[in-house]
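Numbering (the numbering used here), first residue to last: 161 to 1095.
The structure is reproduced here in structure tokens:
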């Protein structure tokens, strides 16, 4: 039978009257499907049955799916019908129920029953005899058609009911006693069931892989909550209650049809393996690639591959060589990571020479105190990009064929995440098709090319000083006006427009919603280098005349300010104010500059970044120049969006280090944008340990420390059991520190001991090997840490009791002040808050308070003056700490240390005989505070 096409064709030639070929023609598979008088889906299943050698079974199922279900379910006898149908049920597949019905009916026919007896048998099991006849007739017609088409022989087309194997007793049973016979009988039954199960599983895969070819659009995966199934194109459906799989709900199912009533129901379903989908429908699945990176150990660029079918994830993740997927991007990653970043162990002469030369140029920067000598990574990338071929074809005689890159179009890259499979370039010569061209995306291919290239030019990849040192350029350069704004999350497009009063006037930064919360407002104040000078000039003009006079001439002053290397992660105005005071030689000038008024001064719109927020699809969500307002409007949505589809990186209930090696950061694709997340262990509220993805390194580091400690506690059960009993002298100390409950104090001390003994100052483990080594160190350190904490605790408790007794009824003038300080120093949780280096000083701080009370009556005025100096410093610290807390920023190490320096200052001023570990005074701390503010 020839297939007819309705496609328009060219008109007939007047001379030859020969019809031209239609534009589209049926494939050989399509022609075979057209010969079968059934639904195309069923026809496709029949053709697949030949490949999987299950034609007899598929003919039965295909004909059953083409007629009305022979099973009857009358309303008045629904329960009886369901019970009668149970004998045909298969726990894994509703399709096999049709085979069971067919085989049961055929066995009855083979018994020679009359037509009336067959009708009665059908009524007994609630089957329609008429539909059974219709089913069998259609089966006969399909079988004849299949035989006629040569898809199967007559023996393989008609199914015979399988002979039910009988259990044979063991030959040794006659020589055994009764107990041995019973055991042997149980073993024989178990082996018999295993044989039946193995034969069934082999046939199960063949049958259902054939069915899958026609029912590919009706597959589904169980949703995380287990209530329904996610199907193709984002659909959600439920299993039909009459299905044998309704209670078991396997993870992956395939359905004969999806019927929508009150819900979307899947009827006639079967459990399948997701791997079958890719194997049976490779032309329908799509491949997505994410997290491409240079793998130094493997010596090649790799990426993770995700396989989807109509938007449904079939295989979530598997590693692949990225050079076969996106040759251009893989080559770029190879150049940037292996050659530019030097993340490889190449022993080639050029590599050793280039590393040495770069180190020498970097030393020149240190001597000149200007970081404008060594070229950036883009220049190094361009150097290698122009010399390395895009593709290289190795051959047996070591004479390879290289294809150089098109330098005129270097930006045409294949982004990660695209559904692209590697193809052979159209420009290759036909004689090269037998030799597969490879991109330079791995060490082996690179070394093979290098060996050939150095024969023609031994110094091809040798850098010179001229290549590495920057030269003077015109004012408008890419350095002054970059194309991208770079952050830890990647680079984001910048666009420029000179049109005053236009909404897009100035520079527009386009960022995805996922990184909105991660943008830094102080960093955005610095704009781009080419526009920063104008902004600084306008800010200086906004100052009062007597202050502005210090900045004359303004251009030279701005140059000096920029040469002072201001911190581009901090706001502009405070740093500019300090630089003005330094230039004037009088830091008191800062008191005359009202930073609040200066900050409120409105600059022209083009002096601020115009932020354009887009979603994963590139659609614009909001535009504005106020980052805080955008974060308030879309911040919550941004936080939720960041963790979307990242479940593959996370894991619940971690009980042992079986999570492999955790990278410091991990990149994952979100549309065309690559985001950077940070993995770490986290102790959950319910006490379990989980692997979580964080959006900042600080949050990941803090959580990972506690997570590692909790995991080590589970591994060191005996040590923890001993530690939970309490450290030596705990009972007496708990009685003295009555303001803290015993349980709270015990938990606090246990946490402090674990933190010091398990981790201390060590680097947090991120691999199984490092974790095991850390456990060994923890075991050896734990006794010494316990002994030290016990000693420090007893000394602290004794000093506390002495001071508390001195305070007495609170009549001393310093009683309220010292009691407040004592409670702050030893408040609940003090053991974990106190750095290990400060533990020996806790009793000293308390003794200093006691001595201060004794000396107070000698000179109350001097005591008050010294207290005022300390409170002034303490107030500055609290204001700084509060400001950082409001901005969700953590305290620096210097600020934390300054807090303890204040305690040492109290010792120095009020109890000098106790001595301090280092010189400390009010003047020293004032200078220290100024240096902290300048950082």
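The beta carbon of each residue, even a glycine, is placed where N, CA and C say it ideally should be. The model shown is predicted, which means the values in this text are computed figures rather than measured ones.
Practice task
Starting from residue 299, trace the alpha helix (DSSP H) both ways and give me its first and last residue.
Solution key: As a position in the chain shown, residue 299 is number 139, starting the count at 1. Per DSSP, residue 299 belongs to the alpha helix (DSSP H) from 289 to 309.
Handout entry: Close beta carbons around residue 941, own chain, < 6 Å, minus the five adjacent residues each side
Key = Translated into positions along the chain shown, residue 941 becomes position 781. Within the same chain, residue 941 has close Cβ partners 917.
Practice task
Check residue 653 in the structure and name its three-state DSSP category.
Solution key: Locating residue 653 in the chain shown gives position 493, counting from the first residue. Residue state, collapsed to three classes: strand.
Exercise for the section: Measure the CB-CB distance between residue 490 and residue 410 and report whether it falls below 8 Å. Expected result: By one-based count along the chain shown, residue 490 stands at place 330. By one-based count along the chain shown, residue 410 stands at place 250. Not a contact, by the Cβ cut-off of 8 Å.
Exercise for the section: Give a yes or no on contact between the stretch 720 to 736 and the stretch 639 to 658, applying the rule of three or more CB pairs nearer than 8 Å. Expected result: no
Practice task
Return yes when at least one heavy atom of the ligand SAH lies under 7 Å from the C-beta of residue 519, else no.
Solution key: This structure does not include the ligand SAH; it has no bound ligands of any sort.
Handout entry: Validate contact between the stretch 981 to 994 and the stretch 1024 to 1035 using beta carbons, cut 8 Å, 3 pairs
Key = no
Problem - residue 887 beta carbon less than 8 Å from that of residue 946 - result: Taking the first residue of the chain shown as 1, we reach residue 946 at position 786. Taking the first residue of the chain shown as 1, we reach residue 887 at position 727. For residue 946 and residue 887, yes; Cβs fall inside 8 Å.
Problem - Close Cβ partners of residue 374 (< 7 Å) along its chain, the five nearest in sequence each way excluded - result: Stepping through the chain shown from its first residue, residue 374 is reached at position 214. Cβ neighbours of residue 374 beyond the five flanking positions: 201, 202, 204, 205.
Exercise for the section: With a cut-off of 8 Å on the beta carbons, I'd call residue 417 and residue 427 a contact; round off their distance for me. Expected result: On the chain shown, position 257 is the one that residue 417 refers to. On the chain shown, position 267 is the one that residue 427 refers to. Confirmed, Cβ separation roughly 5 Å.
Handout entry: residue 1005, DSSP secondary structure in three states
Key = For the purposes of this step, residue 1005 is taken as the residue at position 845 of the chain shown. Here residue 1005 sits in helix by DSSP.
Practice task
Using the Cα positions of residue 124 and residue 761, report the straight-line distance between them to the nearest angstrom.
Solution key: Nothing about residue 124 can be reported from this structure: the residues present for the chain run from 161 to 1095 only.
Problem - Reduced DSSP secondary structure (H/G/I, E/B, other) of residue 887 - result: Position 727 of the chain shown, counted from the start, is the residue given in the question as residue 887. Note: residue 887 maps to coil in three-state DSSP.
Exercise for the section: Flag this pair as yes or no: are the beta carbons of residue 1004 and residue 949 separated by less than 8 Å? Expected result: Translated into positions along the chain shown, residue 1004 becomes position 844. Translated into positions along the chain shown, residue 949 becomes position 789. No, the pair does not count as a contact, with Cβ atoms beyond the cut-off.
Practice task
Express the C-alpha separation of residue 399 and residue 667 in angstroms, rounding to a whole number.
Solution key: Walking along the chain shown from the start, residue 667 turns up at place 507. Walking along the chain shown from the start, residue 399 turns up at place 239. Near 54 Å, if we compare the C-alpha coordinates of residue 399 and residue 667.
Exercise for the section: Can you tell me the Cβ-Cβ gap for residue 842 and residue 852, rounded? I've got them flagged as a contact below 8 Å. Expected result: Within the chain shown, numbered from 1, the residue matching residue 842 stands at position 682. Within the chain shown, numbered from 1, the residue matching residue 852 stands at position 692. Their Cβ separation, rounded to whole angstroms, is 5 Å, which keeps residue 842 and residue 852 in contact under 8 Å.
Practice task
Kindly give me the distance between the Cβ atoms of residue 300 and residue 230, rounded to whole angstroms, as I take these residues to be in contact under 8 Å.
Solution key: Mapped onto the chain shown, residue 300 falls at position 140. Mapped onto the chain shown, residue 230 falls at position 70. Between residue 230 and residue 300 the Cβ distance is about 16 Å, and since that is not below 8 Å, they are no contact.
Practice task
State the CB to CB distance for the pair residue 474 and residue 432, rounded to an integer number of angstroms; the pair is presumed to be in contact (CB under 8 Å).
Solution key: As a working note, residue 474 is residue 314 in the chain shown. As a working note, residue 432 is residue 272 in the chain shown. Not really, about 11 Å apart at Cβ, beyond 8 Å.
Exercise for the section: Assign residue 468 to one of two classes, buried (16 or more other C-beta atoms within 10 Å of its C-beta) or exposed (fewer than that). Expected result: Position 308 of the chain shown, counted from the first residue, corresponds to residue 468. Flag for residue 468 reads buried.
Practice task
Report the option in 955, 963, 697 whose CA atom is closest to the CA atom of residue 1001.
Solution key: Residue mapping note: residue 1001 aligns to position 841 of the chain shown, counting from 1. Residue 1001 has its Cα closest to that of 955, out of 955, 963, 697.
Exercise for the section: Would you mind stating whether residue 321 and residue 247 have Cβ atoms separated by less than 8 Å? Expected result: Residue numbering aside, residue 321 sits at position 161 when the chain shown is read from its first letter. Residue numbering aside, residue 247 sits at position 87 when the chain shown is read from its first letter. Not in contact: residue 321 and residue 247 (Cβ atoms no closer than 8 Å).
Handout entry: beta strand (DSSP E) segment containing residue 646, residue limits
Key = Position 486 of the chain shown holds residue 646. Per DSSP, residue 646 belongs to the beta strand (DSSP E) from 644 to 647.
Exercise for the section: Within 10 angstroms of the Cβ of residue 712, are there 16 or more other Cβ atoms? Answer buried if so, exposed if not. Expected result: As a first step, residue 712 must be located in the chain shown, where it is residue number 552. Answer is exposed; the Cβ neighbour count stays below 16.
Handout entry: Local Cβ density within 10 Å of residue 1022, reported as buried at 16 or more and exposed below that
Key = Position 862 of the chain shown, counting from 1, holds the residue named residue 1022. Looking at its Cβ environment, which holds fewer than 16 other Cβ atoms inside 10 Å, residue 1022 is exposed.
Problem - Coarse secondary structure for residue 264, derived from DSSP in three states - result: Here residue 264 refers to the residue found at position 104 when the chain shown is read from its first residue. It is helical.
Handout entry: Proximity below 8 Å, CB of residue 893 to CB of residue 850
Key = Walking along the chain shown from the start, residue 893 turns up at place 733. Walking along the chain shown from the start, residue 850 turns up at place 690. It is not a contact, given that the beta carbons lie outside the stated cut-off.
Problem - Exposure of residue 389, with buried meaning 16 or more beta-carbon neighbours within 10 Å - result: Counting from 1 along the chain shown, the entry for residue 389 is found at position 229. Looking at its Cβ environment, which holds 16 or more other Cβ atoms inside 10 Å, residue 389 is buried.
Practice task
Out of 521, 996, 968, state which residue places its alpha-carbon closest to the alpha-carbon of residue 952.
Solution key: Numbered from its first residue, the chain shown carries residue 952 at position 792. When each option's Cα is compared against that of residue 952, the closest is 996.
Handout entry: Three or more C-beta pairs below 8 Å linking the stretch 507 to 516 and the stretch 616 to 624
Key = yes
Problem - Where the beta strand (DSSP E) containing residue 773 begins and where it ends - result: To locate residue 773, count along the chain shown from 1; it is residue 613. Note, residue 773: beta strand (DSSP E), 770 to 774.
Practice task
Measure the C-alpha to C-alpha separation of residue 819 and residue 1027 and round it to an integer number of angstroms.
Solution key: Numbered from 1 along the chain shown, position 659 holds the residue referred to as residue 819. Numbered from 1 along the chain shown, position 867 holds the residue referred to as residue 1027. So the alpha carbons of these two residues sit roughly 54 Å apart.
Practice task
Report yes if the CB atom of residue 452 is closer than 8 Å to the CB atom of residue 463, and no otherwise.
Solution key: Indexing the chain shown from 1 puts residue 452 at position 292. Indexing the chain shown from 1 puts residue 463 at position 303. Against a cut-off of 8 Å, the Cβ pair of residue 463 and residue 452 comes out as a contact.
Problem - Limits of the unbroken alpha helix (DSSP H) element including residue 1079 - result: Walking along the chain shown from the start, residue 1079 turns up at place 919. Segment: none, residue 1079 is in no alpha helix (DSSP H) and carries neither H nor E.
Exercise for the section: Would you kindly work out how many angstroms separate the C-alpha atoms of residue 864 and residue 828, rounded to a whole number? Expected result: Position 704 of the chain shown holds residue 864. Position 668 of the chain shown holds residue 828. Cα to Cα, the separation comes out at about 20 Å.
Practice task
Would you mind giving the Cβ-Cβ distance between residue 840 and residue 860, rounded to the nearest angstrom? I have them listed as a contact below 8 Å.
Solution key: The count along the chain shown starts at 1 and reaches residue 840 at position 680. The count along the chain shown starts at 1 and reaches residue 860 at position 700. 4 Å between Cβ atoms; contact.
Problem - Rounded straight-line distance, which links the Cα of residue 550 to that of residue 573 - result: In the chain shown, counting from the first residue as 1, residue 573 sits at position 413. In the chain shown, counting from the first residue as 1, residue 550 sits at position 390. Legend: pLDDT at residue 573 = 42, less than 50; position of this residue unreliable, no value from coordinates given.
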